[in-house]
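Peer 1:
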Amino acid sequence: MTFNDVVEGIKSLSTDEKEEIQSLLQQYLREERRDKIYENFQAAQKEQQQGNLKFSNQIDELRQLIKE
Numbered sequence: 860m861t862f863n864d865v866v867e868g869i870k871s872l873s874t875d876e877k878e879e880i881q882s883l884l885q886q887y888l889r890e891e892r893r894d895k896i897y898e899n900f901q902a903a904q905k906e907q908q909q910g911n912l913k914f915s916n917q918i919d920e921l922r923q924l925i926k927e
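Under our numbering, the first residue of the sequence shown carries the number 860, and numbering increases by one thereafter.
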């Protein structure tokens with residue numbers, strides 16, 4: 860099934876069904892964002908455990924860290 864097939868299929872649905880799909884898509888997108896945040900958190904934890912994270916509250920030092 861192609862993207863166009865999906866779009867055409869959605870166009871043929873009732874308004875209630877379209878709203879349900881919209882709700883489901885919003886939920887799926889939220890879940891994907893949460894998963895990505897969690898993956899980033901786990902990666903940061905691993906880097907911290909390995910001693911690879913650097914912290915600073917000095918703007919010049921932060922700029923330098925970003926360039927690295």
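Where a beta carbon is used, it is the ideal one built from N, C-alpha and C, also for glycine.
Every value quoted in this text rests on a predicted model; they were computed, and no experiment measured them.
Against chain C, with Cβ distances strictly below 8 Å, would Y897 count as a contact?
Peer 2: Chain labels in this structure do not include chain C; a single protein chain is all it has.
Peer 1: With a cut-off of 8 Å on the beta carbons, I'd call A902 and L912 a contact; round off their distance for me.
Peer 2: Not really, about 10 Å apart at Cβ, beyond 8 Å.
Peer 1: Which stretch, first to last residue, makes up the alpha helix (DSSP H) that contains L921?
Peer 2: I918 to K926
Peer 1: Tell me whether G868 sits in a helix, a strand or coil according to DSSP, three-state version.
Peer 2: helix
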